[in-house]
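S.K.:
Protein chains: 2
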Amino acid sequence: MARPRTAARTVEHPDLSEVSLQQVLEALVDPVRRMVVSQLARAGEDKSCGTFDAPVSLSTLTHHLNVLREAGVIRQYYRGTAKLNTLRAGEMEEQFPGLLSAVVHASAAESEEGVA
Amino acid sequence: MARPRTAARTVEHPDLSEVSLQQVLEALVDPVRRMVVSQLARAGEDKSCGTFDAPVSLSTLTHHLNVLREAGVIRQYYRGTAKLNTLRAGEMEEQFPGLLSAVVHASAAESEEGVA
DNA sequence: GCCATAGTACGACCGCCATCGAAACCGGAC
DNA sequence: GTCCGGTTTCGATGGCGGTCGTACTATGGC
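Sequence lines, in order, name chains A and E.
Take the first sequence: its position 91, counting from 1, is numbered 91 in UniProt numbering, and each next residue is one higher.
Take the second sequence: its position 54, counting from 1, is numbered 54 in UniProt numbering, and each next residue is one higher.
1) Establish whether the CB of V115 (chain E) and some CB of chain A are separated by less than 7 Å.
2) Beta-carbon separation of A27 (chain E) and R33 (chain E) under 7 Å?
3) Are D30 (chain A) and T86 (chain A) touching if we call contact CB-CB under 7 Å?
4) Just the chain E side, please: which residues come within less than 7 Å of F96 (chain A) by C-beta, in chain order?
5) Measure the alpha-carbon distance for V67 (chain A) versus D53 (chain E) and round it to whole angstroms.
6) Would you report the Cα separation of R75 (chain A) and R9 (chain E), rounded to the nearest angstrom?
7) For P31 (chain A), go through chain E and note every residue whose CB falls closer than 7 Å to its CB, in chain order.
8) Please name the residue, chosen from A:S111, A:H105, A:F96 and A:V103, that lies closest to N20 (chain A) on a Cα-to-Cα basis.
9) Compare the beta carbon distance of G72 (chain E) and A102 (chain A) with 7 Å and say whether it is the shorter of the two.
10) Would you mind working out which of E:C49, E:A43, E:A116 and E:H64 sits nearest R79 (chain E), comparing C-alpha positions?
11) Roughly how far, in whole angstroms, is the beta-carbon of S38 (chain E) from the beta-carbon of A108 (chain E), given that I think they are within contact range, below 8 Å?
12) Less than 7 Å separating the beta-carbons of L16 (chain E) and E91 (chain E)?
13) Under 8 Å Cβ-Cβ, which residues of chain A neighbour E110 (chain E)?
14) What is the rounded straight-line gap between the Cα of V36 (chain E) and the Cα of A82 (chain A)?
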């Protein structure tokens, strides 16, 4: 169907007003997904699927990224062969004030404690 | 074994420093438990098991209250025949800053939206 | 054109947790 | 003492979700 060569694959993202608190909490309750979120928050910038450090297979990781995207926590977009992921921190803050930041912060605090 | 007549049944509560973020999130991810927390937050004061409005049987409700207690979210104590429940909001705020309040707030916002 | 690389879709398995009903329990009222 | 209402424990059940491997697709480089 002569799909455009550039700006090729696009990804569906929910409007945050359509996302329920339940969805967000379910997304954040899984340890692997919280790792992903933490790594995104720490990295400061976009990471591709393969660059996450997680104790699961790639297909499982894809699954987790889908859940996070559907919960409105991350945004995904293609660039070249890679699919990049970024936190929707600002929007989340608007829709669920303090929630994502509290989780990220507590998560970081817990892992520091292990180091200290 | 000659259990003391007074100050009878006591309940074990974890120190919040022993509670993991994982535990807290698992406690808060269940809709019924979030209802309980919301009702406690709104009521302002202690509620007995039987006074919660939840679409589950009493035995299930007991189970949920146990989970919340073990996660450090609520404190329980006996008074007469009743077992009262109260939020450990202050302690939670210290250990997991912003977390419980964000969830309670978002929860309230969502139910208001249904009303509006 | 071909190949290599990155990610995805699908289907199956398995363990965990919410749920219930019924029976036991405990404290207080009488 | 006996009864009663409130709460808990136990065991069984059912469904959902995390996990994996494999087969597949798509993009970019050669």
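Heads up, the beta-carbon is just placed ideally off N, CA and C, and yes, glycines get one too.
M.R.: By the coordinates alone:
1) no
2) yes
3) Result no, Cβ atoms of D30 (chain A) and T86 (chain A) do not sit closer than 7 Å.
4) A102 and A106
5) 31 Å
6) 51 Å
7) Q22
8) Residue identity check: residue 20 (chain A) is Ser in the sequence provided, not Asn. It is A:F96 whose Cα lies nearest to the Cα of S20 (chain A).
9) Note that the C-beta distance between G72 (chain E) and A102 (chain A) is not below 7 Å.
10) Answer by Cα proximity: E:C49.
11) 7 Å
12) yes
13) S20 and L21
14) 44 Å
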